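Report on one structure; see the data block that follows.
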Amino acid sequence: MIKLSRLSTDSISGILSEALDFANGKVVKAKSDVFVANLFFEDSTRTKVSFEIAEKKLGLHLVQFDEKKSSINKGETLLDTIKTLEAIGINVAVIRHQQTRYYDELKDARLALVNAGDGVGHHPSQAILDLMTIKQEFGDFKGLKVGIVGDVKHSRVANSNADTLRRLGAKVYFSGPVDWFDEAMLVNGTYLSFDNLLKEVDVLMMLRIQHERHQEKMKLTASEYLKKYGLTKEREKKMKPNAIIMHPAPINRGVEIDGDLVECKRSRIFKQMSNGVYARMAILKYVLEKQSFEFEEIK
Amino acid sequence: MIKLSRLSTDSISGILSEALDFANGKVVKAKSDVFVANLFFEDSTRTKVSFEIAEKKLGLHLVQFDEKKSSINKGETLLDTIKTLEAIGINVAVIRHQQTRYYDELKDARLALVNAGDGVGHHPSQAILDLMTIKQEFGDFKGLKVGIVGDVKHSRVANSNADTLRRLGAKVYFSGPVDWFDEAMLVNGTYLSFDNLLKEVDVLMMLRIQHERHQEKMKLTASEYLKKYGLTKEREKKMKPNAIIMHPAPINRGVEIDGDLVECKRSRIFKQMSNGVYARMAILKYVLEKQSFEFEEIK
Amino acid sequence: MIKLSRLSTDSISGILSEALDFANGKVVKAKSDVFVANLFFEDSTRTKVSFEIAEKKLGLHLVQFDEKKSSINKGETLLDTIKTLEAIGINVAVIRHQQTRYYDELKDARLALVNAGDGVGHHPSQAILDLMTIKQEFGDFKGLKVGIVGDVKHSRVANSNADTLRRLGAKVYFSGPVDWFDEAMLVNGTYLSFDNLLKEVDVLMMLRIQHERHQEKMKLTASEYLKKYGLTKEREKKMKPNAIIMHPAPINRGVEIDGDLVECKRSRIFKQMSNGVYARMAILKYVLEKQSFEFEEIK
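Residue numbers (our numbering), protein chains in the order written: chain G, 1 to 299; chain H, 300 to 598; chain L, 599 to 897.
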């Protein structure tokens with residue numbers, strides 16, 4: 001599996017540039033039959049649908065795979081499932097899995113793999129779409145100040161974004177409950193109080209509370225959380241004039257963000273969703289071309 | 300959402316006429332990429348498959364959406380799900396939902412919406428296919444006598460059909476258990492005993508008992524129900540010579556209708572199923588054209 | 599439904615020859631719209647995905663059918679479901695069902711049916727792909743010695759294969775726990791001890807233990823089973839020089855076969871999976887041509 005953290009900034013820029021071309025209407029189709037399977041062992045609407053549209057726009061053949069009915073229930077390992085799909089003729093598998101670094105056991109797979117999220121690990125296609133949204137807005141990453149706020153520790157979005165943003169020249173700040181922060185993140189940025197961070201940043205990335213990944217119950221009620229760590233209307237007023245708000249969704253309205261701000265002028269939340277399709281098209285094209293599949297532009 | 304009850308009889312006639320053309324072999328394809336999602340929050344074989352075939356015959360791209368794995372399980376509202384699909388690039392959503400008038404909360408959606416059934420509310424695509432089946436048989440609705448029999452109160456089919464039939468000039472009669480009848484329906488027709496209704500009507504629409512919508516258990520056994528309110532072979536003999544039998548299916552054989560009558564000469568039950576695809580093609584084309592998508596005829 | 603056991607050896611040879619052509623790159627597409635539904639009432643990754651790729655390679659339109667949400671849950675019979683799909687416009691249904699000979703109740707169906715496995719009955723597409731794999735290796739079946747080892751009684755693969763192999767001129771041997779053997783199989787071959795069988799055969803077909811079909815628990819642990827009836831590395835050494843190993847998968851590694859042998863030089867297990875797609879293409883084409891659908895070769 002190609003890892004975002006291992007890709008050069010040049011390669012990342014190339015993918016971003018292709019994604020932006022797709023957003024601007026560039027149409028590209030696979031020149032031969034390419035079969036793709038989406039394996040989502042964890043729930044997700046937007047990511048799965050987004051990949052599916054991306055695949056269809058690229059002219060790939062999507063093969064349905066029902067994880068809950070698969071032979072994994074007959075005791076098959078993930079590697080055997082993947083090798084089976086490979087033998088049957090699947091050329092690229094898009095995988096979301098609750099296990100962090102699930103892909104470590106897939107080293108022997110020869111088909112193309114795209115990580116659509118691994119446990120508390122990474123979420124590279126979200127990172128690409130986020131970067132793309134920022135680039136559309138500001139043109140460049142150099143010197144840009146980006147704040148990542150909320151459940152940093154359990155967020156694979158934070159993980160994938162912080163490293164890449166830093167490498168591309170942005171300054172990264174974190175905020176949110178200290179219990180949900182991980183010192184290891186400090187290599188990529190600085191921890192600030194929310195109100196200090198707020199005044200600094202050009203891009204405010206609010207994270208979703210990963211209820212499903214918390215072992216203990218959250219100690220705060222939704223409205224207490226919103227008041228303390230969430231983006232309230234008052235806080236929004238303190239942001240820099242051109243600063244934008246981002247959120248990977250799904251949104252817990254009234255918890256990490258005031259419900260009314262989701263559609264506000266600064267919000268790029270729905271824009272991010274639209275960009276997701278183009279980001280995934282660029283990623284799929286990138287990994288398939290590495291495997292010698294060819295695409296042609298349709299004018 | 301375009302409501303059948305708000306459509307002029309001219310518009311309805313237009314949709315019927317297009318559906319009949321499709322039944323006669325007219326082939327039409329979308330001129331550009333159109334992405335459709337089918338959101339069935341309630342079980343259904345025939346309606347979902349029927350929409351899917353209709354969509355593929357029109358050349359639309361179907362995107363799979365697994366309601367049970369969607370972010371609605373992470374607390375997302377239906378509106379947010381729809382707005383997400385819209386942002387991701389879905390152009391038309393076909394929705395079946397257990398909540399009556401679920402679409403009231405979707406007013407802010409900009410994509411095209413097709414109601415595939417809402418709780419005990421309406422089922423417009425079933426109404427169109429029923430009307431189409433009647434029109435194929437009798438050519439016109441003026442003066443035609445149509446009986447709707449059974450679980451009228453819990454049937455969205457009864458609801459959608461009675462209003463539209465009355466507006467198109469047909470006379471509507473109801474029968475079935477009084478407990479399962481709703482006085483509000485009297486604006487559209489007359490309540491008769493089954494045996495009186497039977498002798499009058501040109502079209503007999505038997506309804507399915509909506510077991511899953513009854514709070515209490517049905518007080519009658521299946522055979523008692525069949526004897527009292529069902530279409531037995533004896534009752535069938537009392538029908539007018541050219542009268543036809545319809546049923547929206549799935550059928551509880553031996554409850555609302557004697558199993559042997561399902562395939563009898565008067566029965567248009569399987570014809571209705573075939574017509575469903577054409578009716579849904581006409582509906583999808585209608586709503587998509589309202590959104591400026593274009594279709595071309597393939598000769 | 600066309601039954602493999604009723605097909606002449608000429609017809610079977612025709613299907614095998616077509617499948618081998620597909621494996622060698624022959625491309626064929628349906629000349630008109632053909633709609634197919636895959637109805638898998640039992641779990642399966644590889645068979646379902648394999649059929650799906652086969653269908654897409656033939657240019658058929660696949661319609662999704664969710665067995666768990668279908669009207670079968672509203673009490674509809676399998677025949678009514680099939681007749682409904684037929685009425686809606688499905689041209690061919692591929693069915694896997696836990697009930698042996700489920701197809702006996704589908705005699706009135708007019709659409710094309712393909713059996714993708716029935717209870718402990720048959721699994722004809724697996725038989726075709728197995729035969730195809732043997733033919734690729736040895737060119738002919740006459741005089742070839744084939745051993746089928748393991749859970750013979752509960753295996754539909756054993757059932758379908760033994761009869762066809764015998765008719766094509768091969769000599770069939772069985773081995774495995776006596777409790778899991780069925781005397782009725784003796785019409786097709788001879789029962790031997792595993793070690794005797796091993797030295798004789800050109801093709802060793804290991805069967806999967808059908809855990810889900812055993813009423814009582816298996817009395818042996820996995821490693822005891824492997825030692826007594828499984829293909830260990832020691833046993834593998836006693837095989838004839840050019841003998842090959844086959845397994846229908848999914849594999850219980852370390853139970854019926856030593857995990858390391860799955861990828862060994864003699865193993866054709868992944869080859870079988872690849873062949874599955876071509877075998878299913880040939881079967882689908884065969885049954886659809888019987889229903890007057892036409893295909894054209896794309897060069």
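Note that beta-carbon positions come from the ideal geometry of N, C-alpha and C, so glycine has one too. Computed from a predicted structure; not experimentally measured.
### Task
Kindly indicate if chain H contains any beta-carbon less than 8 Å away from that of THR682(L).
For THR682(L), the answer is yes, since a Cβ of chain H falls inside 8 Å of its Cβ.
### Message
Taking 8 Å as the limit between beta carbons, can you name the residues of its chain near ILE90(G), skipping five residues before and five after?
### Response
PHE35, VAL36, ALA37, VAL63 and LEU111
### SER630(L) classed as buried or exposed, judged by whether at least 16 other C-beta atoms fall within 10 angstroms
Exposed, by the Cβ-count rule.
### Query
Which of the three DSSP states, helix, strand or coil, is assigned to PHE181(G)?
coil
### Query
In terms of residues, what are the limits of the alpha helix (DSSP H) holding ASN625(H)?
The requested residue 625(H) is not part of the displayed model; chain H covers only 300 to 598.
#### Entry: Extent of the continuous beta strand (DSSP E) run through MET844(L)
It spans 842 to 844 - the beta strand (DSSP E) in which MET844(L) sits, taken as one unbroken run.
### Task
Return yes when the Cβ of ALA386(H) is within less than 8 Å of the Cβ of PHE339(H), no when it is not.
no
### Query
With 8 Å set as the bound, which would you pick, yes or no: does the beta-carbon of SER50(G) sit closer than that to a beta-carbon of chain H?
yes
### Query
In the DSSP assignment, what are the bridge partners of ASN38(G)?
VAL94(G)
### Query
If you run the structure through DSSP and keep just helix, strand and coil, what is ILE849(L)?
coil
### Task
Taking only the alpha-carbon atoms, compute the straight-line gap between VAL860(L) and ILE867(L) and give it to the nearest angstrom.
7 Å
### Query
Does GLU616(L) come within less than 8 Å of chain H when only Cβ atoms are used?
no
### Task
Take the Cβ of ALA617(L) as the centre, count every other Cβ of all protein chains shown within 10 Å, and call the residue buried at 16 or more, exposed below.
buried
#### Entry: Residue closest to SER606(L), alpha-carbon to alpha-carbon, out of ALA725(L), ASP706(L) and THR762(L)
In this structure, THR762(L) is the residue among ALA725(L), ASP706(L) and THR762(L) with its C-alpha nearest to the C-alpha of SER606(L).
### Message
For the alpha helix (DSSP H) containing ASN460(H), name the first residue and the last one.
### Response
455 to 466 is the extent of the alpha helix (DSSP H) around ASN460(H).
### Message
I'd like to know if LYS539(H) contacts chain L, where contact means its C-beta is closer than 8 Å to some C-beta of that chain.
### Response
no
### Query
From this set, VAL801(L), LEU683(L), GLU674(L) and ASN757(L), which residue's C-alpha is nearest LEU711(L)'s C-alpha?
Ranking VAL801(L), LEU683(L), GLU674(L) and ASN757(L) by Cα distance to LEU711(L) puts LEU683(L) first.
### Message
Taking its Cβ as the centre, do 16 or more other Cβ atoms sit within 10 Å of ASP407(H), making it buried, or is it exposed?
### Response
exposed
### Task
Name, in chain order, the residues that DSSP records as bridge partners for HIS174(G).
The sequence shown places Phe at residue 174(G), rather than the His named in the question. PHE174(G) pairs with ILE148(G) and TYR191(G).
### Query
Going straight from the alpha carbon of VAL677(H) to that of ARG565(H), what length do you get?
Outside the displayed range of chain H (300 to 598) lies residue 677(H), so it cannot be described from this structure.
### Task
From the DSSP output, read off the bridge partner residues of GLU596(H).
VAL327(H)
### Query
Exposed or buried, what is SER304(H) when buried is set at 16 or more other beta-carbons lying within 10 Å of its beta-carbon?
Result: exposed.
### Nearest candidate by alpha-carbon position, reference LYS355(H), set PHE493(H), LEU496(H), ARG579(H) and LEU497(H)
ARG579(H)
### Task
Would you give the residue range spanned by the alpha helix (DSSP H) that ASP80(G) belongs to?
78 to 88
### Query
From what residue to what residue does the alpha helix (DSSP H) around LEU485(H) run?
Looking at the DSSP string, LEU485(H) is not in any alpha helix (DSSP H), and its letter there is neither H nor E.
#### Entry: LEU602(H) - DSSP class collapsed to helix/strand/coil
Missing from the structure shown is residue 602(H); chain H here goes from 300 to 598 and no further.
### Continuous alpha helix (DSSP H) assignments of at least 4 residues falling wholly in the stretch 263 to 298 of chain G
269 to 290
### Task
Compute the Euclidean distance between the alpha carbons of LYS835(L) and MET1(G), then round it to the nearest angstrom.
36 Å
### Task
Provide the residue span of the alpha helix (DSSP H) that contains VAL647(L), from first to last.
644 to 655
### Query
CB-CB under 6 Å to VAL28(G), same chain, minus the five flanking residues each way: which ones, in chain order?
PHE295 and GLU297
### Query
Is LEU303(H) helix, strand or coil when you go by DSSP?
helix
### Task
Report yes or no: is there a C-beta of chain L within less than 8 Å of the C-beta of THR45(G)?
no
### Task
Would you mind telling me which residues of chain H sit closer than 7 Å to MET273(G), beta carbon to beta carbon, in chain order?
Those within 7 Å of MET273(G) in chain H are THR383, ALA386 and ILE387.
#### Entry: Cross-strand partners of HIS659(L) (DSSP beta bridge)
PHE633(L)
### Task
Grab me the residues of LYS733(L)'s own chain with a C-beta within less than 8 Å of its C-beta, minus the 5 sequence neighbours each way, in chain order.
Setting aside the 5 residues that flank it on each side, LYS733(L) is surrounded in the same chain by LEU614, LEU618 and PHE739, each with a C-beta closer than 8 Å to its C-beta; the list follows chain order.
### Query
Any idea if SER343(H) is buried or exposed, counting beta-carbon neighbours within 10 angstroms, 16 or more meaning buried?
It counts as buried.
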